[in-house]
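Taking our numbering, I'd label the letters of the sequence shown as residues 42 to 1161.
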Amino acid sequence: MAEDHHGSSRHMSASQKDLGDEDARVVRVGDAERTSERLEYAGNAVRTAKYSPLTFLPRNLFEQFHRLAYVYFLVIAVLNQLPQLAVFGRGASVMPLAFVLIVTAVKDAYEDWRRHRSDRAENGRLAAVLSPGEGAGAQFRPTEWKHVRVGDVLRIVSNESLPADMVLLATSEPTGVAYVQTLNLDGESNLKTRYAKQETLSTPPDQLTGAVIRCERPNRNVYGFQANLELEGESRRIPLGPSNIVLRGCELKNTAWAVGVVVYAGRETKAMLNNAGAPKKRSRLETHMNRETLFLSAILVVLCALVAALSGVWLRTHEEELELAQFFHKRDYLSKDKDGNYNYYGIAAQIVFIFLMAVIVFQIMIPISLYISMELVRLGQAYFMIRDTRLYDESSNTRFQCRALNINEDLGQVKCVFSDKTGTLTQNKMEFRCASIDGIDYSDITRQQPVAEGDRIWAPNISVNTDSELVKLIRDGGDTYQGRHTREFFLALATCNTIVPMITDGADPKKKVIDYQGESPDEQALVSAAAAYGFVLVERTSGHIVIDVLGEKQRYEVLGLHEFDSDRKRMSVIIGCPDKTVMLFVKGADSSMFGVIDKTINSDLVQATEKHLHSYSSLGLRTLVIGMRELSQAEFQEWQMAYEKASTALLGRGNLLRGVAANIERNLRLLGASGIEDKLQDGVPEAIEKLRQAGIKVWVLTGDKQETAISIGYSCKLLTREMTQIVINSHSRDSCTKSLDDAISMVDKFQSFSTDSQARVPLALIIDGNSLVYIFDTDREEKLFEVAIACDVVLCCRVAPLQKAGIVDLIKKRTSDMTLAIGDGANDVSMIQMADVGIGISGQEGRQAVMASDFAMGQFRFLVPLLLVHGHWNYQRMGYMILYNFYRNATFVFMLFWYVLYTGFTLTTAITEWSSVLYSVIYTAVPTIVVAILDKDLGRRTLLKYPQLYGAGQCEENYNLRLFIFIMMDSVWQSLAIFFIPYLAYRKSVIDGASLGDLWTLSVVILVNIHLAMDVIRWNWITHAAIWGSIVATWICVMIIDSIPIMPGFWAIYKVMGTGLFWALLLAVTVAGMIPHFAAKAFKEYFTPSDIQIAREMEKWQDTHDVTHPEVQMSTVVRV
42 MAEDHHGSSR HMSASQKDLG DEDARVVRVG DAERTSERLE YAGNAVRTAK YSPLTFLPRN
102 LFEQFHRLAY VYFLVIAVLN QLPQLAVFGR GASVMPLAFV LIVTAVKDAY EDWRRHRSDR
162 AENGRLAAVL SPGEGAGAQF RPTEWKHVRV GDVLRIVSNE SLPADMVLLA TSEPTGVAYV
222 QTLNLDGESN LKTRYAKQET LSTPPDQLTG AVIRCERPNR NVYGFQANLE LEGESRRIPL
282 GPSNIVLRGC ELKNTAWAVG VVVYAGRETK AMLNNAGAPK KRSRLETHMN RETLFLSAIL
342 VVLCALVAAL SGVWLRTHEE ELELAQFFHK RDYLSKDKDG NYNYYGIAAQ IVFIFLMAVI
402 VFQIMIPISL YISMELVRLG QAYFMIRDTR LYDESSNTRF QCRALNINED LGQVKCVFSD
462 KTGTLTQNKM EFRCASIDGI DYSDITRQQP VAEGDRIWAP NISVNTDSEL VKLIRDGGDT
522 YQGRHTREFF LALATCNTIV PMITDGADPK KKVIDYQGES PDEQALVSAA AAYGFVLVER
582 TSGHIVIDVL GEKQRYEVLG LHEFDSDRKR MSVIIGCPDK TVMLFVKGAD SSMFGVIDKT
642 INSDLVQATE KHLHSYSSLG LRTLVIGMRE LSQAEFQEWQ MAYEKASTAL LGRGNLLRGV
702 AANIERNLRL LGASGIEDKL QDGVPEAIEK LRQAGIKVWV LTGDKQETAI SIGYSCKLLT
762 REMTQIVINS HSRDSCTKSL DDAISMVDKF QSFSTDSQAR VPLALIIDGN SLVYIFDTDR
822 EEKLFEVAIA CDVVLCCRVA PLQKAGIVDL IKKRTSDMTL AIGDGANDVS MIQMADVGIG
882 ISGQEGRQAV MASDFAMGQF RFLVPLLLVH GHWNYQRMGY MILYNFYRNA TFVFMLFWYV
942 LYTGFTLTTA ITEWSSVLYS VIYTAVPTIV VAILDKDLGR RTLLKYPQLY GAGQCEENYN
1002 LRLFIFIMMD SVWQSLAIFF IPYLAYRKSV IDGASLGDLW TLSVVILVNI HLAMDVIRWN
1062 WITHAAIWGS IVATWICVMI IDSIPIMPGF WAIYKVMGTG LFWALLLAVT VAGMIPHFAA
1122 KAFKEYFTPS DIQIAREMEK WQDTHDVTHP EVQMSTVVRV
């Protein structure tokens, strides 16, 4: 009997991998020792931690030094250890790099410690494992999960989690059924049915020793499984499929106990193989940052080369005086050998040494602290995104998830959104709306009403409105032709599915509530509709189902079932009826069903049904076609033999089963069609409108019919009546080529008519999956790109998962536009991973999309605050922080450079070595991190009210080469002010270098913090504490350093602070240094304000509670 193929119509029915006996895994039931005697199968201990105590240090350092900047600073630290190049103390030179490495290592160690703790708890859980004994002495003993092995027989009780992937041998139910919840595996809360084979049900587990299971090797496909079971003493092989295996992480529900044998353990379980985490991506801003880093490197090389060249000139000029100069004695007069050289290698070597020493002195031109600052800022930004109550979905009790911390700022630069339809734009909660039965349309909503309670004892938990005329026909039609057809239609809906009815007591003790559990929302809706019309599915086992037909319970034998697959696009069930007839019921997509319908029986019926299907699709309904035929005993026996042969084959089982299904699913009699509504999620039309106003193109990629997709497009305001639609729906290569050429001509024509971007006619491209196949096969992607990029909206229907990824790649390869893909199902994973930003919806179709995503949320409408608010803030803050770090360190380096020019190019510094290394790590690091986490250039309400403001990120207004050049010019000016104002004031005095160095240190710290404070928009006590506290902390550090007797500047700060000139110079440096920045800022804001600045002024003066206040017109930005 074919009872082992129950599952979702949305997933693969069997593993895609075909295997032969030589590739099979051999599992001996109850004998773990013999199972592993030839091949060492994985134990059941899991390890999600990355490091061990021995490997932590080398592996963590290896991973950190993947950043080339860290290698650069390591080389600098090594160079400083050489006596000829030592500028700083050996400890001081290592400190910045050591600090960054230690902070990162501590963070990684903490995260890994948490993973170790979780692993210990998981591996220490107990499971009941069958322990062999003499005769009846075998019993189940508690064993830690980590000691479970492949071949062990386990006993699981209700509400327990499964420790490994197991093939069921027996359950507490006489029929061998077990109910499992896969919430931890794929996020689906509906119960799934799994079955133990009838051959093992009645055999005690300890007597199954000697049985052998041959199964496929470990793989990630959670919806497929191929195996055979050979009992001892029997030659025939019993086929095992996806419905006979329960996976690690699932929970046993509504079943007292279940016994199974472990076939995959530990890291080889399907759950662990799918635990790959989110893909690694790199933000666009960080990629662009490398360009500026190269410019800074070039500036550094120029400065070092200039110092080295000038030093060579100076040495050549004073060559005759070098014998008297310290460190340049040509002769060592203290040695016995009067001709010996003393610490001098010649001018050429000295120039090289000076160049390398200059690299060490000017090393912070490349800000090492920037990388750790970016990580901390992203962590802070992620915290506020996760805690945002406006991104919390109450219906599913899910918060926003930030799974990839390194691309937060990319959310502020998105130009193209690729969205799935079902479950993403829609709720994926199906409601039966109408049907076409025997060519008659039952879609008149005026006749639809709730089901009358009456004497009904069964009450499905999903309510369905019924058509009064259809109800009357079913109950009073009797044996009329139309009545029989109608009853057969609803009998097909009640039988052709994999739904499991869960019956509970209702408020009324005379009534029972039925909760239809299933993996497909479509099937739940269809079975609920059949129940509403009097065909109530009340029981399902592995071999039969019980249906209450108009108050009379009838038992139907399930003789065979062919699941839905993406090739056939239909499913079928063979039913043994109470009157001993054998019926084949088939349902599927119209594109596949009309090919197997016998149109010679009643061609008018087929035409009428096709017409009704078109009208249903135009209303946005999902449609299915239902057919049937009666099988003769000869046909059934022929099918049964072919099915048994195909299902026991390990080699090519999937293809063989599809062939068997195709052979039986033919010459069907058309019963009718159904229309199911998948309602839009709340706020979807408004969200799409906001995204379009923000200059973001929205593409919808769906597997639905073209008419359904277009109807949903109008419902969600993706399509408008003003748009001109370009439809490419071809069934041959030549017609597709012609359609594409026509589309290009149409685009060129409309573009030539409307030169004004505001008055141009909006275009919408609608293309189906077949056409995409022809386009991608003939290398005509470039023409498709030309059409698509010219359209405001692109709607792709009937597309396969890999085609979704191909469409995203089409845009990524040919434009610099930031792409975002959003979906909720396993079929969206490839698209999500292909896009620059991938977002998973925690919906009805499991967690596959969430696990593959960078971010996850509960509703599509949350995309608006995520992009327009958090995306804008993240991009603005991160762009400013990177530029500020470049400016801050460049200012310090230029100040050192001016000093070198006045000290004979010897690279001595007035600033203490500790202040030099602490400058970018301690003195100025905290304020920029705090501001980058907390500052907001605009409020949430303004950003949502004016979506056009999002264009600032798309046009890279906050981070570009022009701004980099500007801040470099600013840093040069400020370094001049910092160095020359004190220099000119003290040049004829007897002040020592250490005192002057302390003044320069405090001046540069005060100036860069005042610069930061001038750019802060929203102040709070944390920002005040960070900026002003940083200045105070610097002062304290300088005083502590100068209080150490062994330091060269001992007590210097205390001497210079006692003079009024010191304080006057601090004020003069601050004022003079800030004049250009203040003037440029004022000029820009008053004479050439940006949209952001206009909106900011509006926020200052507008009463936000006055809804009648006129809106401010934003400047228009033409975006291609």
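Heads up, the beta-carbon is just placed ideally off N, CA and C, and yes, glycines get one too.
In this text the structure is predicted, and so the values were computed from the model without any measurement.
Neighbourhood of A690 by C-beta, 6 Å cutoff - its chain only, sequence neighbours within 5 removed | L697
Host beta strand (DSSP E) of Q267 (start-end) = Looking at the DSSP string, Q267 is not in any beta strand (DSSP E), and its letter there is neither H nor E.
Can you tell me which of the three DSSP states F181 falls into?
-> In the three-state reduction of the DSSP assignment, F181 falls in the strand class.
Tell me the DSSP bridge mates of I395?
-> DSSP lists no partner for I395.
Following the continuous beta strand (DSSP E) through C1164, name the residue where it begins and the one where it ends.
-> One cannot answer for residue 1164 here, as it falls past the ends of the chain, which runs 42 to 1161.
Buried versus exposed, by CB contacts within 10 Å (16 or more), E604 | buried
For L1199 versus V739, is the C-beta spacing smaller than 9 Å?
-> Lying outside 42 to 1161, the shown extent of the chain, residue 1199 is not represented and no answer is given.
Does DSSP classify L203 as helix, strand or coil?
-> coil
Ordered list of alpha helix (DSSP H) runs contained in the stretch 1040-1082, each at least 4 residues = 1062-1082
Neighbourhood of E827 by C-beta distance below 8 Å, restricted to the same chain and skipping five residues each side | I785 and V788
Can you check whether the CB of F903 is closer than 9 Å to the CB of G881?
-> no
May I have the straight-line CA-CA distance separating N295 from N101, to the nearest angstrom?
-> 46 Å
Tell me Y557's beta-bridge partners as DSSP assigns them.
-> P542
When F1020, Q844 and M426 are compared against F459, the one with the closest alpha-carbon = Q844
Compare the Cα-Cα distances from A999 to each of E104, Q442, R918 and Q874 and report the closest residue.
-> According to the sequence displayed, residue 999 carries Asn and not Ala. Looking at the Cα atoms, R918 is the closest of the given residues.
In terms of residue numbering, what span does the alpha helix (DSSP H) encompassing G1114 cover?
-> G1101 to F1128
Flag this pair as yes or no: are the beta carbons of R156 and A205 separated by less than 9 Å?
-> no
As assigned by DSSP and simplified to three states, the class of F459 | strand
Which class does Q222 belong to by DSSP, given the choice of helix, strand or coil?
-> strand
Using three-state DSSP, classify I830 as helix, strand or coil.
-> Three-state DSSP puts I830 in a helix.
So who's on the other strand from Q595, going by DSSP bridges?
-> I588
Please work out which residues of its chain come closer than 6 Å, Cβ to Cβ, to Q595, disregarding the five sequence neighbours upstream and downstream, and give them in chain order.
-> Excluding five sequence positions before and after Q595, the CB atoms of its chain that fall closer than 6 Å to its own CB belong to I588 and P619, given in chain order.
Through-space distance from D809 to P803, alpha-carbon basis | 20 Å
Select from R357, I873, I1082 and D775 the residue whose C-alpha is nearest the C-alpha of D818.
-> D775
Over what stretch of residues does the alpha helix (DSSP H) that includes Q674 continue unbroken?
-> Q674 to S688
Kindly give me the distance between the Cβ atoms of V725 and L907, rounded to whole angstroms, as I take these residues to be in contact under 8 Å.
-> Their Cβ separation, rounded to whole angstroms, is 15 Å, which puts V725 and L907 out of contact at 8 Å.
So P408 and N926 are in contact, right, with Cβ under 8 Å, and what is the actual spacing, rounded?
-> Between N926 and P408 the Cβ distance is about 5 Å, and since that is below 8 Å, they are a contact.
Which partner residues does Y236 have in the DSSP bridge list?
-> V218
Enclosing alpha helix (DSSP H) for H99 [first to last residue] | Note that residue 99 corresponds to Pro in the displayed sequence, not to His. Here the alpha helix (DSSP H) through P99 covers F97 to Q105.
Buried versus exposed, by CB contacts within 10 Å (16 or more), Q422 | buried
Span separating the alpha-carbon of G176 from that of Q222 | Per-residue confidence for G176 stands at a pLDDT of 48, beneath the threshold of 50, marking its modelled position as unreliable; the derived number appears in the next sentence. C-alpha separation (whole angstroms): 35 Å.
Beta-carbon spacing of V623, G668 below 9 Å = no
Could you please give me the residues that DSSP links to M624 through a beta bridge?
-> I616 and E671
Taking 8 Å as the threshold, find out whether the stretch 522-542 comes into contact with the stretch 574-585 through three or more Cβ pairs.
-> yes
Measure from the alpha carbon of L1048 to the alpha carbon of each residue in A211, E81, Y964 and S644, then state which is nearest.
-> Y964
Which word fits V1110, buried or exposed, when buried means at least 16 other C-beta atoms lie within 10 angstroms of its C-beta?
-> buried
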